[in-house]
Every structure is written in structure tokens, then in C-alpha cells.
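So the protein lines, in turn, are chains C and D. Each number in the numbering used here corresponds to the 1-based position in the first sequence with 42 added. Each number in the numbering used here corresponds to the 1-based position in the second sequence with 5 added. Data block below; observations after.
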Amino acid sequence: MYNLTEDEKDVLQELMNIAYGNATAVVAEMLDAFATLSIPNIAVIPVNELLEQFKHLKNQSYFFSTQAFSGEFSGESAFFIDALSAQNLAKHLEMESNEDLDDAILELTNVLTSTLTTRLAQEMQTQVSFSLPSIEQVPLAQIADVDTFKSYTQVIVIDTQLIFQDQKINGEIFILTKGESIQWLKQKLNQILEQLF
Amino acid sequence: MAQTKTQPDSRTTFLDSTLVDLINNGLIILDDTLKIHAYNKWMQIQTNKQEESVLSKKITEIFPNINTKVLQRKIKTTLLMQNATYYTASTSGYLIPIKINQIQNSKFEYMQQDVSIVPYDVENKKVALIITDQTGMANTNALLRENILKVKKLNEALIKEKELTQKQHEQLIVSSRNAAMGEMISMIAHQWRQPLSVINTSIASLKIKKELGIFDENSTDVSLKRIEKIVLYLSDTINDFRDYFKPNKNKTVINLAEIFAKAFDILKTEFESENITYTQSIDTDITITAYKNDFIQVILNLLKNSLDAFRENDATQKFLNVSAAFKNEKLIVDITDNAGGIKEAVLKKIFEPYYSTKSKNGTGLGLYISQKIIEEHLHGTIEILSKDNQTFVTISLPK
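This is the structure in C-alpha cells:
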């Protein structure tokens, strides 16, 4: 198990805050609206703990989109948005069909995850390459069956809330990684820590 | 990959045109006003349009059905993020309408495409659209989805069928038991005839003695005790009968010797009238856990079949032997008679529902239900063999 120390978590939170600033600007531009992203709350937990947390969710249906990234730091970023928030997003973008809605969610996923991950990678002096994102609508009861969750051990959970004018769009971003990448991440975070002190 | 800020002056300077024309992907360079700046060989062949005819035109002039709003948004986002945005075949189908006439990918009229929009020349607001043909994959996915749907439907039908079969099976057990009830009522009537006649005679005798004035207390007591004993016997018979038709809700521990004796008691008169010798060698400490009345139904059915066979095939020294013993972690119950045996052709069908060889009153359900009870309720097996005018029934039950 590769747990992060408090210091490592602090550094990661700082890096995320920087990356998040970028993501907020891009999302606002993309959606052509005044948008704010709440300051992310970051936790690094084992995947099965995350699945436990899902049990407390009340909505029955979620859109779940994922995008794999590779490089020294590799894994999969995922965006989790409930059906109501997705409808709000569709309304905001004046979407007409379900395909358009899926495409918009994918785009939002791509913007959020690739901006975040790219910026995070930049801060850690590495580069990442992205695969095409994919989307599925998952009933809550089947969330543990999502293959993504079966493949990874640790997850960086970034809780966020997108706020557009008076419409609320809640989403959660996860960065799922495996042992080697977490070890690499720890090393990088420690290097940054050493530079700081 | 995070893009470096390369800023080419023109296509000829920066793109190796040979390489670009060799790749098995479509490549279009667009600016944020949707004007086309490059159109590679693959695109020219697939869309049957020469590069000269599309350059400097807006992509929407060439393909009027493209969703301008979405494309412009994606280009804007790409340039802003300096990172790729995408159209995926699984979500959007296609961006550039390219008709396909393939038999192998017949699910789609237009080529299904993954499109990556990557920043090409950020300063001049140009992006590259890299188009990958995903029709084969999309076709396979569509076939897979269709098949999953088919399997789902078949599965639902199977579940319904199973429920129906289960219901029919339950109805069969009920009707088989009703048929058995009818037979047993006639047997009880037969059994009662003799004791009722004894009661009748005793009462008549008491009446005569009273009329003749030879009524004495001693003989009256004897007669009344006899009547009382017979009434008790009749009452027991009716209790057994009632117990047998009471539905069982729970499995209970049953003493095997006792249950065979009880079942035989119901048929005892019939066996005696046919001169059949019944022998039972079962240790009194052997028990099984089962739905009691279901198990009695099986025993009664087997004993009754034997009785019916004796009625149709005369034999000397008629016998029916029942024995039970543990063998290889299993309880083996053997029931053997010499009522003429069973023909090979009949043996093959003997457990089929509605199959009967009886000349009258055969429902054809007895052995079918018996097998179901043994297999489904008791997790055992039942086997019937025949040799030398004898029939061998073997029930094997888990210990």
C-alpha cells in the first residue's frame, strides 16, 4: 500500500490548486459562461474505500466518463456526474439530442482531466499523453462492476463543484493510479518538498 | 501529449507531405473560422474531393451538415487548453460524412470516426483534425450490443419458462396427490368395510340379547370394548389419511422403518387380499430429513405400483421386500418385487410425465412426481431395473 504522508498530501493539494486554476479558466471559456470551480478537496484512498463511499449516494444514475493517460505518471482519470447535473449541463449548452449530451460530458471530462493532469505533470516535470475518452451511464448499483475500478488500487479523489450562473453542476474527478505511478508520484512530491525546504 | 508551441509558417514548410499522404488517417488543418488549410490524400480519396477544390473554403461549405457550434467550441477549447479535444465514434458517430459501401460493416451507412482535434499553430489559431476510421470496431460493437440484447431477451424468456415449468410442476404434484387421494379413499372404504361389519354384528348381537332377555354385563363390556377398539382403529386410519394430505412446510427428521410401516399399513388390506408377503429389513435407527408427506407419497406410489402389477400378472409366492443400508456415504433403499418385471421399452419411458401402462386409473404422473421429489427435494436419485420377472427399485439418498 502506497499511502501519502501529510506533507506529500499538502504538496499535491498545492499542485492541484494550480492545475485547477487552469481548468477553471478553460471550462469557463468552453462553456461560454461565467463558471467557478470550488476549491478541490483532495483525498488519496484505496479504490475499495471509494466504492464504499458510493453507497451513500442517493441518485440512482450517473454518467461515468474515463480517459486513460500514459507516461511516467500513468493511469486513468475519471469524471463522475449525476444525471440531474448532466441535464443542467445540457440545458446550459442548448443540447438537442442524447448524443450531443454525451459529447458535451466527454468534452467536459476531457477539459477537466486533461488540463488537470497535464498541468500536474508539468509541475512534476514530465509529460503525459491521452487516449480518447469514453463514456457510459452506470446505475449506482453496478458502479463496483465498472472495469476501471477493478484495475486500479489507489485513487486520488478530487471533489469539485462547477457553478454556472444559477445552475449547479456537481461532479467528481478521480485520478486512478497503480503502484508504480504512486511510487513515482511520491518520489516527485518529495523532490518538490526538498526544494521547498 | 502536451503540445509544444511550434508555429509553422505554412504547410509546405512544416509538413512532410509524402508522409502525411501515406498515413492511413484523414488530416485536415482548420482555423478557428473553420477555413480549410490542408486536406491530405486519404481525405481526398475518401471524400472524392481534390485538395485544390477545398482549400480556403469553410468546412461547412464542403460538408453543410456539420454541427458548426460544437466544432467551433472544440477548436476553441483545443487552442485554449493547447491540448487535444475529441469526437468519438461511440458517442458522435462521425464528423465528416463519408458514405461506405461495405458488406462486412453493413450496420452503418457512413464511416464511423474518431476525430482528435490537436493544436497545430496556436498563434494563427489553427488546429489539425486527425480522423481515424472506426467503422469496423463500431460495427463489431453494434453486433455485440444486438447479441447482448438477444441473449438478454432469451434469458428473460428462459426465466419465464422456468417459472411456468415450476408452476406446472407444482400443479402436477397437486393433481397427482389428488389422484392418490381418490385411490386412497376407495382403499379406506374397502378397509372400513370389515371393521364396520364387525361393529354392526356386535350391535346386532347386543340387540338380540336384550330382546331375548339374556343381556349380561360381562358380554356387553366385551362387545363395547371390541367396538371401542375398532372405532379407535378407524379413527387412526382417518388421522393417517388426513396427515398425509396436509401440506408440509418444513423438513423433519423421519424414521425410515416407521414411515415404510405406516405407508404399508394404509395398503395392508390390499396386500393381504392379494396374498403378497411384505418384508421390511430397515434398521430402526435409520433416519432421513425430508418433507414427510412427500416422502410417503413416493413410498405409497411405489408400493401401489407393485400391488397393481401383481393384480395384472399372477405370480406364485408373491413378495415385496424393502431393505435399507448405508453404502459409500449414501443411504440405499431397495424395493424388490416379483410381479412380472417391466419391459425394456417401458423402462426407458417410465419416468416421463403422463406415461402409463395401467389399464385403468393410471394418471402417468406417479413415477414422474416420485423422481422429482427424490431429486429436487431430497437431492437423491431413483433407478428402476427389471430382470427375471422381478423389479428392482433403488433410491439413493445423501447421508
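Glycine included, every Cβ here is placed at the ideal spot set by N, Cα and C.
{"Query": "Confirm, please, whether the CB-CB distance from residue 312 of chain D to residue 279 of chain D is below 8 Å.", "Result": "yes"}
{"Query": "Residue 338 of chain D: buried (16+ other C-beta within 10 angstroms of its C-beta) or exposed?", "Result": "buried"}
{"Query": "Going by beta carbon distance, what residues of the same chain come within less than 8 Å of residue 56 of chain C, once the five residues before and after it are set aside?", "Result": "none"}
{"Query": "Would you identify the three-state DSSP class for residue 100 of chain D, choosing helix, strand or coil?", "Result": "coil"}
{"Query": "What is the rounded straight-line gap between the Cα of residue 49 of chain D and the Cα of residue 56 of chain D?", "Result": "7 Å"}
{"Query": "So, for residue 191 of chain C: in the same chain, excluding its five sequence neighbours on each side, which residues have a beta-carbon less than 8 Å away from its beta-carbon?", "Result": "89, 92, 93, 185 and 218"}
{"Query": "May I have the straight-line CA-CA distance separating residue 50 of chain C from residue 233 of chain C, to the nearest angstrom?", "Result": "10 Å"}
{"Query": "Beta-carbon within less than 8 Å of residue 12 of chain D's beta-carbon, same chain only, minus the 5 sequence neighbours each way: which residues are those?", "Result": "Note that residue 12 of chain D has pLDDT 49, beneath the 50 cutoff, so the model's placement of it is unreliable and the number below is only indicative. Within the same chain, residue 12 of chain D has close Cβ partners 126, 127, 128 and 129."}
{"Query": "Mind listing the chain D neighbours of residue 172 of chain C? Cutoff is C-beta to C-beta under 7 Å, in chain order.", "Result": "89"}
{"Query": "Rounded to the nearest angstrom, what separates residue 86 of chain D and residue 175 of chain C at their Cα positions?", "Result": "16 Å"}
{"Query": "So, with DSSP's three-state summary, where would you put residue 109 of chain C?", "Result": "strand"}
{"Query": "In this structure, what does DSSP give as the bridge partners for residue 119 of chain D?", "Result": "D:137"}
{"Query": "So, does the CB of residue 26 of chain D fall closer than 8 Å to a CB anywhere in chain C?", "Result": "no"}
{"Query": "DSSP three-state label for residue 326 of chain D, please.", "Result": "strand"}
{"Query": "Are residue 298 of chain D and residue 375 of chain D closer than 8 Å when you measure CB to CB?", "Result": "no"}
{"Query": "Check each candidate in D:361, D:342, D:45 and D:350 and name the one with the smallest Cα separation from residue 324 of chain D.", "Result": "D:342"}
{"Query": "Under DSSP, the alpha helix (DSSP H) around residue 337 of chain D begins and ends at which residues?", "Result": "First-last for residue 337 of chain D: 335 to 342, but that is the beta strand (DSSP E), not the alpha helix (DSSP H)."}
{"Query": "Could you compute how far the alpha carbon of residue 90 of chain D sits from the alpha carbon of residue 29 of chain D?", "Result": "20 Å"}
{"Query": "Using a C-beta to C-beta distance shorter than 7 Å, which residues of chain C count as neighbours of residue 95 of chain D?", "Result": "176"}
{"Query": "Measuring straight from C-alpha to C-alpha, what distance separates residue 39 of chain D and residue 72 of chain C?", "Result": "17 Å"}
{"Query": "In the DSSP assignment, find the beta strand (DSSP E) that holds residue 260 of chain D and state where it starts and stops.", "Result": "257 to 260"}
{"Query": "Can you give the Cα-Cα distance for residue 229 of chain C and residue 118 of chain C, rounded to whole angstroms?", "Result": "20 Å"}
{"Query": "Quick one: does residue 156 of chain D have its CB under 8 Å from some CB of chain C?", "Result": "no"}
{"Query": "Looking at the C-beta of residue 53 of chain C, does it have a partner C-beta in chain D at a distance below 8 Å?", "Result": "no"}
{"Query": "Who are the Cβ neighbours of residue 225 of chain D in its own chain at under 7 Å, not counting the five residues just before and after it?", "Result": "211"}
{"Query": "Using a cut-off of 7 Å between C-beta atoms, extract the partners of residue 144 of chain C located in chain D.", "Result": "96"}
{"Query": "Is residue 304 of chain D near the ligand PLP, with its Cβ less than 7 Å from a heavy atom?", "Result": "As far as ligands go, the structure on display features none, and thus does not contain the ligand PLP."}
{"Query": "Let me confirm a value: residue 247 of chain D is counted as buried when at least 16 other C-beta atoms fall within 10 Å, else exposed. Which label applies?", "Result": "exposed"}
{"Query": "What residue range does the alpha helix (DSSP H) around residue 130 of chain C cover?", "Result": "125 to 134"}
{"Query": "Which same chain residues, not among the five before or five after residue 211 of chain C, have their C-beta less than 6 Å away from its C-beta?", "Result": "127, 130, 131 and 204"}
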